[in-house]
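Notes to accompany the following structure.
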Amino acid sequence: MSEAVQIGPNPYEMPLEDINVSQASLFQTNSHWQYFERLRREDPVHYFNDPLFGPYWSITRFNDIMDIEKNVQQFSSEGGITLADRDESFKTVNFISLDPPRHDVQRKAVTGVVAPTNLAKLEPIIRERAARILDGLPVGEPFNWVDLVSIELTTQMLATLFDFPFEDRRKLTYWSDMATSGARAGGPTPEPVRQAALLECLEVFTGLWNERVNRDPADHFDLITMLANNPDTRNMDPMEYLGNLILLIVGGNDTTRNSISGGIYFMDQNPDQFERVKADHSLIPKMVPEVIRYQTPLAYMRRTATEDVEFRGKTIRAGEKVALWYVSGNRDDTVIDRPDEFIVDRDNPRHHLSFGFGIHRCMGNRLAEMQLRIIWEEILARFDRIEVTGEPERVQSSFVKGYTELPVVVHRR
Amino acid sequence: MPQVKFIEFNGTEHVVDASVGESIMVAATSNLVPGIDADCGGECSCATCHVLISAEWQSKLAPRSDQEESMLDLNPDRTDESRLSCQIPMTEELDGITVNLPEFQY
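Here the protein sequences come in this chain order: A and B. With the numbering used here applied, the first sequence covers 1 to 413. With the numbering used here applied, the second sequence covers 1001 to 1106.
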């Protein structure tokens, strides 16, 4: 079934040139679907001059997004990955917003933490923690799944990857939320509050760096030790360190968190699909990428044109911002069969845009899938049903597509 | 029809027929050879169809494009034998090629 609910103006009744899909409120009210549907059909390379972000192009078809992601010469990441203009006085740098060759060396410095051999070591830890979280849930009474499960599990995982003091782990959640909710990006957090939080993050992590800079990376397999000991990253300046920290914190936190919550919501909305997985747990590895597609936890990524580019009959000028709307491409019916339906046993379920493609493809994609697989295996081992008891509350952001509240009651097997 | 011999990391062999013009990745996935994911569907954009091919066989292949090079470069396990199988179209000349699969796809 489709999630499409139209609140507010009907996008089919407004002039095409007035369509602005970058408004955080559209996502907070879950009313963005028809806007993208219209753009895919009528204006797949769409221009809008936004009062907050300035002029930007929206790319909304699956294959067009793929083409631009592969074309790193004409579509650079160095202008930043969100539509917000960066504050020149507080400019963080990280490898997702670099082009080759600097991107490649920085990414390689940290890829090892999510290497398959390391994932195999993490699997029993994640399973034990997931089990403990689920066993501690109140049964038969309402609670917020986002807080007690989704945030808790992903934050514990992140604390492990950073070897971050475990009792302080909710600081990671706080910094992640601050990083993505700034007013410049259309979010609710005033910029001075956001910057203060991120400087606190830098201070804490600088302390950890100093403790670990002389540790042997062969014995300590955490991200800070890796960055501090790799010749390509050990001389990063503070804003580059902060930028990469935020990237890894947000990348490892928000996205998985919202896919965990989304999966619970989709199963409640599609009880026939839930019954199929309950009856056959071997469907979980196919169901997980479908949850990630259907959720699309990051709605878009931005590129910036390095020169004038003719693209599908439009001229994108040098310096203009280009938003690659994964949330739209993932519903493109020319590539994905019945894309508005949540189907737990699709063919080629990993053929979705949520992780991006090309050199910036999500480096944690297998870790994310593993976390979702484990949490679902453990959920199905315990519960007959996770009943969603009210409408979820969604994040006020056009970038992070997620939930702040998902009220549920769990029912034991 | 030319044939491809895939050898899994655990040593299991799969000899499959491959149509001329189709990629070695497609030959694997359409014959249900495990160990090749090919998330992007053959666009040289995900590097999950990574395979290892000996220097002897590589000499019969077109060299890596810049795009293939940049995707392979993201993989810390890449070696001189690393190729992306979606970028190798099958030809009569490649009949009998041996393709080793890595332990994992990233």
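Just so it is clear, CB atoms sit at the ideal spot from N, CA and C, and this is done for glycine as well.
Check, Outcome
"Given this structure, state the Cα-to-Cα distance separating A/PRO44 from B/GLY1011, to the nearest angstrom.", "47 Å"
"For the stretch 211-226 of chain A against the stretch 190-202 of chain A, do three or more pairs of beta-carbon atoms, one drawn from each stretch, fall closer than 8 Å, so that the two count as touching?", "no"
"Distance check for B/VAL1099 and B/ILE1053, CA to CA, integer angstroms please.", "5 Å"
"Which value, in whole angstroms, describes the spacing of the CA atoms of B/ASP1080 and B/GLN1067?", "16 Å"
"Kindly identify the DSSP beta-bridge partner or partners of B/GLN1003.", "B/ASP1017"
"Which chain A residues are close to B/PHE1104, counting only those with a beta carbon under 7 Å from its beta carbon?", "PRO116"
"Could you check where the alpha helix (DSSP H) with A/ALA24 kicks off and where it finishes?", "24-28"
"I'd like the list of long-range same chain contacts for A/THR389, defined as Cβ closer than 7 Å, with 5 residues on each side in sequence excluded.", "PRO142, PRO407, VAL408, VAL409"
"Determine the direct distance from the alpha carbon of A/TYR300 to that of A/PHE274, and round the result to whole angstroms.", "28 Å"
"Measuring alpha carbon to alpha carbon, tell me which residue in B/LEU1101, B/MET1090, B/GLN1105, B/ASP1095 is nearest B/VAL1026.", "B/MET1090"
"Using DSSP with H/G/I as helix, E/B as strand and the rest coil, what is A/ILE323?", "Correcting the residue type first, residue 323 of chain A is Ala in the shown sequence and not Ile. Three-state result, A/ALA323: strand."
"Between B/ALA1038 and the rest of its own chain, which residues show a CB-CB distance below 7 Å, the 5 nearest in sequence each way excluded?", "MET1025, THR1029, THR1048, CYS1049, CYS1086"
"For B/ALA1062, count the other beta carbons within 10 Å of its own beta carbon; 16 or more makes it buried, fewer makes it exposed. Which is it?", "exposed"
"From A/ALA24, A/THR92, A/VAL149, A/VAL139, pick the residue whose C-alpha is nearest to that of A/ASN253; which is it?", "A/VAL149"
"I need the DSSP call for A/ARG412, collapsed to helix, strand or coil.", "strand"
"Identify every residue that forms a DSSP beta bridge with A/ARG394.", "A/TYR403"
"Assign A/THR296 to one of three DSSP states: helix, strand, or coil.", "coil"
"Starting from B/MET1071, find everything on chain A with Cβ-Cβ shorter than 9 Å and list it in chain order.", "GLY358, ILE359, ARG361"
"Is B/ALA1018 closer than 7 Å to B/PRO1002 when the C-beta atoms are compared?", "yes"
"Quick check on B/TYR1046 - is its C-beta less than 7 Å from some C-beta in chain A?", "As written in the sequence, residue 1046 of chain B is Cys, which differs from the Tyr given in the question. For B/CYS1046, the answer is yes, since a Cβ of chain A falls inside 7 Å of its Cβ."
"According to DSSP, is A/GLY182 part of a helix, a strand, or is it coil?", "strand"
"Would the stretch 277-286 of chain A count as touching the stretch 333-350 of chain A if we require 3 or more Cβ pairs under 8 Å?", "yes"
"Indicate whether A/GLU378 and A/LEU161 have their beta-carbon atoms separated by less than 7 Å.", "no"
"Using a Cβ-Cβ cut-off of 7 Å (strictly less than) and excluding sequence neighbours within five positions of B/GLU1093, which residues of its own chain qualify?", "LYS1060"
"In three-state DSSP terms, what is A/ARG40?", "helix"
"For A/ARG86, which three-state DSSP category applies?", "coil"
"Thinking C-alpha only, which one of A/GLN34, A/ALA228, A/ASP99, A/THR154 is nearest A/ILE488?", "With chain A running from 1 to 413 in the structure shown, residue 488 of chain A is simply not present."
"In three-state DSSP terms, what is A/GLU13?", "helix"
"I want to know whether the stretch 8-21 of chain A touches the stretch 34-50 of chain A - three or more CB-CB distances under 8 Å.", "yes"
"For the stretch 1004-1015 of chain B, which residues have a beta carbon sitting closer than 7 Å to at least one beta carbon of chain A?", "none"
"Determine, using beta-carbon pairs with one atom in the stretch 262-272 of chain A and one in the stretch 228-235 of chain A, whether at least three such pairs fall under 8 Å.", "no"
"Candidates A/ASN10, A/PHE62, A/TRP33: which alpha carbon is nearest A/THR334's?", "A/PHE62"
"So who's on the other strand from A/ASP50, going by DSSP bridges?", "A/GLY54"
"Establish whether the CB of B/GLU1093 and some CB of chain A are separated by less than 7 Å.", "no"
"Could you name the residues of chain A that B/LEU1074 contacts, counting a contact when the two beta carbons are closer than 9 Å?", "ASP104, ARG107, LYS108, THR111, ILE359, ARG361, MET363"
"Please check if any C-beta of chain B sits within less than 7 Å of the C-beta of A/ARG413.", "no"
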